[in-house]
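Residue numbers (the numbering used here): 995 to 1113. What follows is one structure encoded as structure tokens, with my remarks underneath.
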Amino acid sequence: VTQVQQGWTGSNHFTAKQCADATDCYPTLVKVQGVDLIVEPGVHSFTITSQFAKDEFHVALEGPELSPTFIEAHGNGTYTASYCVELPGFYKLYVRILQINGEVSLRKNTYQSPYCLCT
995 VTQVQQGWTG
1005 SNHFTAKQCA
1015 DATDCYPTLV
1025 KVQGVDLIVE
1035 PGVHSFTITS
1045 QFAKDEFHVA
1055 LEGPELSPTF
1065 IEAHGNGTYT
1075 ASYCVELPGF
1085 YKLYVRILQI
1095 NGEVSLRKNT
1105 YQSPYCLCT
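Pasting the structure below:
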């Protein structure tokens, strides 16, 4: 049993499996904040907030150039994702949940993913 972040309308304790099965848990409770929809060339970052400290995410950028993306876990349900854009054009930024708490495979996009970015 795992303690979850404040704000979930269900029980205060639930497992990763229960969260995967609950329609009001994931991807609903995964928040993506700070995505720059209009970006200048350079490094950009944004925050992912989830309910478990060991969630696994995949971030990908699709557009005129292949750009690496990085995710840093802070061990408390927050993650910082970053990417670098050098070429102008239209990009799509995908944020996908791969695993809940390192236990349950989910493989769902977060809400609003993909984000449309332009430079």
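Every residue, glycine too, gets a C-beta built ideally from N, C-alpha and C. Values in this document were obtained by computation on a predicted structure and should not be read as measured data.
When DSSP states are grouped into helix, strand and coil, residue 1048 belongs to the coil group. A Cβ-Cβ separation of about 36 Å leaves residue 1047 out of contact with residue 1083 under the 8 Å criterion. The beta carbon of residue 1085 sits closer than 6 Å to the beta carbons of 1055, 1057 and 1111 from its chain, once the five residues preceding and following it are set aside; these are given in chain order. With a threshold of 16 other beta carbon atoms within 10 Å, residue 1077 meets it and is buried.
Its chain contains 1093 as the residues whose beta carbon lies nearer than 6 Å to that of residue 1099, once the 5 sequence neighbours on both sides are disregarded; these appear in chain order. Residue 1104 places its beta carbon less than 8 Å from that of residue 1091. At the C-beta level, residue 1080 and residue 1059 come within 8 Å of one another.
Ranked by Cα distance from residue 1010, the first of 1088, 1102, 1049 and 1022 is 1049.
The distance from the Cβ of residue 1029 to that of residue 1040 is about 5 Å, consistent with a contact at the 8 Å cut-off.
The beta carbons of residue 1087 and residue 1108 sit about 6 Å from each other, so the pair counts as a contact at 8 Å.
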